[in-house]
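Participant: The sequence shown begins at 20 in the working numbering and counts up one residue at a time.
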Amino acid sequence: MGTNCRDFIYEANRILKMNGLLLLVEVASRFACPVKDFLKRLKSFGFKIAAFEITKDTYFVRARLVKFKDLSCSPVSSLPDLQLDPCLYKKR
Numbered sequence: 020m021g022t023n024c025r026d027f028i029y030e031a032n033r034i035l036k037m038n039g040l041l042l043l044v045e046v047a048s049r050f051a052c053p054v055k056d057f058l059k060r061l062k063s064f065g066f067k068i069a070a071f072e073i074t075k076d077t078y079f080v081r082a083r084l085v086k087f088k089d090l091s092c093s094p095v096s097s098l099p100d101l102q103l104d105p106c107l108y109k110k111r
């Protein structure tokens with residue numbers, strides 16, 4: 020996902036049906052805030068957390084989100100800002 024994931028999550032809400040499932044898998048080091056806080060902010064995007072796990076061996080965060088509210092009438096700018104840190108690759 021890009022660094023400005025607000026647009027991505029908004030688009031996911033737009034195309035999913037009510038009670039639709041969104042699977043979110045992201046590298047844990049990209050989260051600027053604690054992962055639980057990030058997932059709580061997704062409630063304002065119309066998703067509730069069905070399950071999530073932080074894997075220690077692979078460094079990924081997996082979340083299963085269910086759409087409970089349609090945001091088609093609200094503009095993207097009215098939603099909270101969600102940012103991810105960029106992936107930095109080491110030159111070898």
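Glycine included, C-beta positions come from ideal geometry on N, C-alpha and C. Note that the structure is a prediction, hence the values are computed from the model and not measured.
#1: Output the distance between the C-alpha atoms of Phe79 and Phe50, rounded to the nearest integer angstrom.
#2: Mapping DSSP to helix, strand and coil, what is Lys109?
#3: May I have the straight-line CA-CA distance separating Ser91 from Gly39, to the nearest angstrom?
#4: Would you tell me roughly how many angstroms separate the C-alpha atoms of Asp100 and Thr77, rounded to the nearest one?
#5: For a quick check, are the C-beta atoms of Phe71 and Ala82 less than 8 Å apart?
#6: Contact check, Ile28 vs Val54 under 8 Å by CB: the rounded distance?
Facilitator: Reading it off the structure:
#1: Those two C-alpha atoms are separated by around 11 Å.
#2: coil
#3: 15 Å
#4: 27 Å
#5: yes
#6: That pair is no contact at about 15 Å.
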